[in-house]
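J.: One gets the working numbering by counting positions in the sequence shown from 1 and adding 839 to each. Could you have a look at this structure, given as C-alpha cells, before my questions?
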Amino acid sequence: MSPARSPHSSAHGRTFKGLIALAALAAAVCACPSPALAQPPDHPDILVTATPARVAPERSLSGADVESYGLATVGEVMSEVAAEDGESREEAAYIVNGKRISGLGSVSDLPAEAIQSIEVLPVGTGVKLGASPSQRVYQIRLRRDLDLFAGRAAARASTDGGWSSARGDATWTRIRGEQRFHLTAKVRDDDILLESERDIVQPAGVLPDAGRFRSLAPAARRIDLSAVAADQLTPWLSGALNGRLAFADRRVALGPFIKAGAAPEPLDQRGRTVSASADLTLNAEIGTWQAAFFGNYGYNRVRTATDIPSAGAAAPSLSRVRSSVRTLGAEISAFGPLAKLPAGPLILNLKAGAARDWIDGERRFGNVTLRNSSSLASTNLTAGIEVPIASRRPGALAALGDLSASAEYSLQHMSDFGSFSAWTLSALWRPADWLSLTGSIARSAEAPSIASLDDPIVETPGVRYFDPVRGETVDVTLVTGGTPGLGRRRGETNRIAANVKPFRSLSLRLTAEYFESRTRNHVSELPAGSLSIMQAFPQRFVRDPGGRLTGVDARPVVFAGRTDRQLRTGLILSLPLGKANGAPAGLAQDEEEGEGGASLTRLSRPSAARVRPRLQLSAAHSWLLESRLVIAPGQRAVDLLSRQAVGFGGLGQPRHRFDASLGYAERGLGARLTVQSRGPSFIESSGTTANLLRFEPLNRFDLRAWIQGERLAPKSKLMKGTRFTLALTNLTNVRERVSDRFGVTPLSYQPGYRDPIGRSIELEFRKKF
C-alpha cells in the first residue's frame, strides 16, 4: 500500500449518496414520461433524426446488412463491425439517434432488430461530434417503434470430449421514439476440463496421475442482470439510466495433495465475484450547442480461497483474499460552433471531469491477517477544436476538396502522481468522393490503475512453468496482484491512413494504415521466463538450494520503453447477388441535408425494393515492421521479432497476421467463415544450453451458419420468429506447436495447454415473441 494515499472519508460517502439520489430522480422521470411521449407517434411513417454535424461516413450498414451477420445483440454486431476495421469497440465513441453516449454499455444488450442503420465515421471527425479527434465514431440509428421479447439458449461441446458449456438469456425491449426500456437476464455454466482428459504429460517427480487433479479450463458459472431506461425528458433534454449486476463463481483444480498413508486429495482455488454498476447520461440541446453529463458508479468485489500445501501437514492450509474496488466519476461536456468560416463552422469541444477510486484488500493465512485500504482521485480538463480549411463549397478553396484540422489538449491531475498533460493533432482530407486521408500525432500520459497498484497478493501453487535456465518444466507458486510504486506511462503515437472506394457502383472499400507508437515506462505483467527477463528481475524468481525454480512473482513490472511500427491493409466488400426476393426489408431510407449542414434521415414505408442475397468479404493483413523493448534504462533494445525476443503472455510476436471473413446471406439464412492466420515467432530461451522456442505458424478457421424457422416450416406458427445457429470453432482442430532448437516441445507448451478446448460445436436456438 502506498502511504501517500488516504482512505476514503465521510465526505466521499456523502458524494456517493448525492449521486445515487440524482440517479434515482432521473430514473423516476424516465419511468413517468409525458403523455405525448408515452403514446405512439401520430405519423409513424415519417421520422426525422438530426446529428450534430454533417459527416460523410466511410461505411454505412442498413438494417439488411445488420441482419446478414446473423447476430442477436447490438454489442455482438458492433464487435463484428469493429473487428473488420481491425479495431476494438471499447476504444470507440458512439452516437445513438444523434446523441452522444458514454459507452456502448447502455445499448449493447439491445436486440440487433433494434438497429435501423450504422455509420462508420472517419477517424479525425470526433471533435465536431463531442469525442476525441483520435477516436473512431460509430453512429447508430435505432428503430422508432419496437416491442420485442426474445429468448436464447445454446449448448457447446468439445469434439475431443471432457468439456461442455451452456448459456441462455432473455431480453425484453420496448422502443417508442426516444423512449426506450430494456431488461436483460443472462446465465452461463462452463464445465471443468482436467489435464487427464487431454493426455497431458506430467513432469518428472510428480504423481503420475496428477492430471486427474489439475484443470486446463476452470468450472465457471455467471449470472448477469441489466436494465436500461431512456427518454426525452423535455424538448431540449434527454436522459438514460443503465444498471448492471453480475455474480460469478470459478473453481480451478491445482493438483494433488499427498500425505503419507492416504489417497491424494485435490487442491482447489475458488473465486467469487460480485459486480454492480450504474451509469447516468443527460444530453441537452442549447441553441446550436450540445451539452452532456455522464455519471457512473462501479463496484467490484472478488473473494479468492486457495488451498496451500505444506510439507508434513495433515491437510492443506487455506489462504483467503478479498478485494473490493469502487469507482465514482462524473464528466460534463459541451460542443458546438464557435464561429462561421468560409469552409464551415469552427467547432469547439470542452470537457471537465472528476473521479475517485477506492480499494480495500484483505489477505488471511493462518492466524495472520493483512489489510490495506487506499484511494486515488483525479480531475481532468480537455479542450478540442476543429478548423475547416477547405470545402467543396464555392469560395472555400473548393479545388482542394474537404480539408479540416483538429487539435485537443488535456490536463489531468491525479493524487500521488501530480499533474500531466496530453495533446493530439489530426487532419482529415477528402479530395474526392472516393478517397479520404487521415493523419494524427498524439502525445499522452497515463497513471496506472488502482488495482495494478494495490490489489492484494494472491498465491497460486502448482502452476506449470518452463524454466529456461535449467531447460525443464516445474510446478511453481505464482504470485499475482498489484505492484506499489509503478510510475506513469508516457506515449507517442503517429498514424496515417487512407480509405479508397474505387467504384461508385460497387460497395468495395480499400484501407491502408501506418501506425507507430513509442512508450516510456511501459507497464506489463511479467513476461514468460527467459534469460534476459530473469537477469533483469532476479528478485521475481525464487529457487531452492538445489537451483530448482519454486516461485515466480508475475505482478506488473515497468520496462524502460517499447517501440512498435505496423502497416495494416484491408478490404471490405458487400456484393448483392441475383434478383431481389423475400419480403420487404423494413423501411426505405432517404437522406438529405437540413439547415446548418445537419444530416436528416427520413424513413418511409417500404417501396417495391426487396432484399437481395448478398456476399460479404473482409480481409486484412497486419505487417509488424518493428517491435523493440528496452528492459532497463541504458540497455540495448531487444528485438521482439528476432530469436532474442521476450514473450508476453507466453506468446512470441509474429511479424505477419492475416484475418478474413466470408459471408453469404439472404432472407432467412446465412453462413460466415472466418480465418485467423499468424506467422512464426520466437522466444529467447537461452540457459545452460543455447536454445530458443519457436512458435509455428497457425491457421485457424471458424464457421457459423444460421437459418430462420420460417425457412424450415413456412406455415408453422410455432417456428415463426425462431432462428437456429450452428457454430464450429477451430474447424480443423489445429493447435499451436511450440518446439526448441532440438525439435522438442517443453511440457508447459504442450498442445493441450495452448488450446485446451480445441474444436467445439455450438447449437443455438433463439425465439422472438
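Where a beta carbon is used, it is the ideal one built from N, C-alpha and C, also for glycine. Owing to the predicted nature of the structure, the values given are computational and were not obtained by experimental measurement.
Use the C-beta contact count for residue 1002: other C-beta atoms within 10 angstroms, 16 or more gives buried, fewer gives exposed.
T.: Classification for residue 1002: buried.
J.: Within 10 angstroms of the Cβ of residue 1461, are there 16 or more other Cβ atoms? Answer buried if so, exposed if not.
T.: With 16 or more Cβ atoms within 10 Å of its Cβ, residue 1461 is classed as buried.
J.: Please tell me whether residue 1361 and residue 1397 are closer than 9 Å, where the distance is taken between their beta carbons.
T.: For residue 1361 and residue 1397, yes; Cβs fall inside 9 Å.
J.: Within the same chain, show all residues whose beta-carbon is closer than 7 Å to that of residue 1290, passing over the 5 residues directly before and after it, in chain order.
T.: Only 1164, 1198 and 1321 meet the Cβ criterion.
J.: Return the Cβ separation of residue 1120 and residue 945 in integer angstroms, given the expectation that the two are a contact with Cβ distance under 8 Å.
T.: Sure, about 7 Å apart at Cβ, within 8 Å.
J.: Check for me: the alpha helix (DSSP H) holding residue 921 runs from which residue to which?
T.: Taken as a continuous stretch (DSSP letters only), the alpha helix (DSSP H) holding residue 921 covers 913-923.
J.: Any Cβ of chain B within less than 9 Å of the Cβ of residue 1524?
T.: Protein chains in the displayed structure number just one, and chain B is not present.
J.: Can you tell me the Cβ-Cβ gap for residue 941 and residue 1196, rounded? I've got them flagged as a contact below 8 Å.
T.: Incorrect: roughly 17 Å between the Cβ atoms, too far for contact.
J.: Just checking my contact of residue 1093 with residue 1107 at CB under 8 Å: how many whole Å lie between their CB atoms?
T.: Contact holds; Cβ gap of about 7 Å.
J.: Can you check the region 1370-1425 for any alpha helix (DSSP H) of at least 4 residues that lies completely inside it and give the ranges in chain order?
T.: Listed in chain order, they are 1370-1375.
J.: For the beta strand (DSSP E) that residue 1270 lies in, which residues bound it at each end?
T.: First-last of the beta strand (DSSP E) with residue 1270: 1257-1271.
J.: Between the C-alpha atoms of residue 1000 and residue 1031, what's the straight-line distance to the nearest angstrom?
T.: Taking the straight line from one Cα to the other gives about 12 Å.
J.: Measuring CA to CA, which of 1148, 1111 and 1154 is closest to residue 1139?
T.: Answer by Cα proximity: 1111.
J.: Under three-state DSSP, which class holds residue 1554?
T.: Coil, per DSSP.
J.: Answer with buried or exposed for residue 1416, where buried requires no fewer than 16 other C-beta atoms within 10 angstroms of its C-beta.
T.: That one is exposed.
J.: Which parts of the region 1279-1303 are runs of the alpha helix (DSSP H), unbroken and 4 residues or longer, counting only runs that do not cross its ends?
T.: DSSP runs (the alpha helix (DSSP H)) wholly in the region 1279-1303: 1289-1293.
J.: Under 9 Å between the Cβ atoms of residue 1566 and residue 1509?
T.: Cβ distance not < 9 Å, so residue 1566 and residue 1509 don't count as in contact.
J.: Measure the alpha-carbon distance for residue 1659 versus residue 1539 and round it to whole angstroms.
T.: Since the first and last residues shown for the chain are 840 and 1608, residue 1659 lies out of range.
J.: Between which two residues does the beta strand (DSSP E) carrying residue 1469 extend?
T.: Segment 1453-1469, the beta strand (DSSP E) holding residue 1469.
J.: Alpha carbon to alpha carbon, how far is residue 1159 from residue 1091? Give it in angstroms, no decimals.
T.: C-alpha separation (whole angstroms): 15 Å.
J.: Exposed or buried, which one is residue 1047 when buried takes at least 16 other CB atoms within 10 Å?
T.: Classification for residue 1047: exposed.
J.: Mind the definition here: the region 1276-1292 touches the region 1305-1315 only if three or more C-beta pairs lie below 8 Å; say whether that holds.
T.: As far as the Cβ criterion goes, the region 1276-1292 does not touch the region 1305-1315, which means the pair count is below three.
J.: Go to residue 904, then tell me how far its alpha helix (DSSP H) extends in each direction, as first and last residue.
T.: Where residue 904 is concerned, the enclosing alpha helix (DSSP H) stretches over 902-906.
J.: Enumerate in chain order the residues of its own chain whose CB-to-CB distance from residue 1059 is below 6 Å, with the five nearest sequence positions on each side excluded.
T.: Same-chain partners within the cutoff: 1029 and 1089.
J.: Candidates 1561, 1115, 1242 and 1580: which alpha carbon is nearest residue 991's?
T.: The shortest Cα separation from residue 991 among 1561, 1115, 1242 and 1580 belongs to 1561.
J.: Along the beta strand (DSSP E) that carries residue 1227, what are the first and last residues, could you check?
T.: It spans 1207-1229 - the beta strand (DSSP E) in which residue 1227 sits, taken as one unbroken run.
J.: Which first and last residues belong to the alpha helix (DSSP H) in which residue 1591 is found?
T.: Element bounds for residue 1591: 1590-1593.
J.: Just verifying my parser: in three-state terms, what is the DSSP assignment at residue 945?
T.: The answer is helix: DSSP assigns residue 945 an H, G or I state.
J.: Cα separation between residue 1113 and residue 1319?
T.: Residue 1113 and residue 1319: Cα-Cα distance of roughly 20 Å.
J.: Hey, is the region 1127-1134 in contact with the region 1164-1175, meaning 3+ C-beta pairs nearer than 8 Å?
T.: Verdict: yes, contact present.
J.: Can you tell me which of 1151, 1043 and 1056 puts its alpha carbon nearest to the alpha carbon of residue 1096?
T.: Ranking 1151, 1043 and 1056 by Cα distance to residue 1096 puts 1151 first.
J.: Pull up the distance between the alpha-carbon of residue 1051 and that of residue 1022, whole angstroms please.
T.: In a straight line, the C-alpha of residue 1051 is about 42 Å away from that of residue 1022.
J.: Measuring straight from C-alpha to C-alpha, what distance separates residue 1575 and residue 1190?
T.: Each residue's Cα considered, the two are about 47 Å apart.
J.: Would you decide whether residue 1521 is buried or exposed? Buried here means 16 or more other CB atoms lie within 10 Å of its CB.
T.: Counting Cβ neighbours within 10 Å, residue 1521 comes out buried, since at least 16 surround it.
J.: Expressed to the nearest angstrom, what Euclidean distance is found between the alpha-carbon atoms of residue 1124 and residue 1187?
T.: Approximately 15 Å, taken between the alpha carbons.
J.: Compute the beta-carbon to beta-carbon distance between residue 1493 and residue 1467, rounded to the nearest angstrom, for a pair I have assumed lies under 8 Å.
T.: At roughly 15 Å, the Cβ-Cβ gap does not stay under 8 Å, so residue 1493 and residue 1467 are not in contact.
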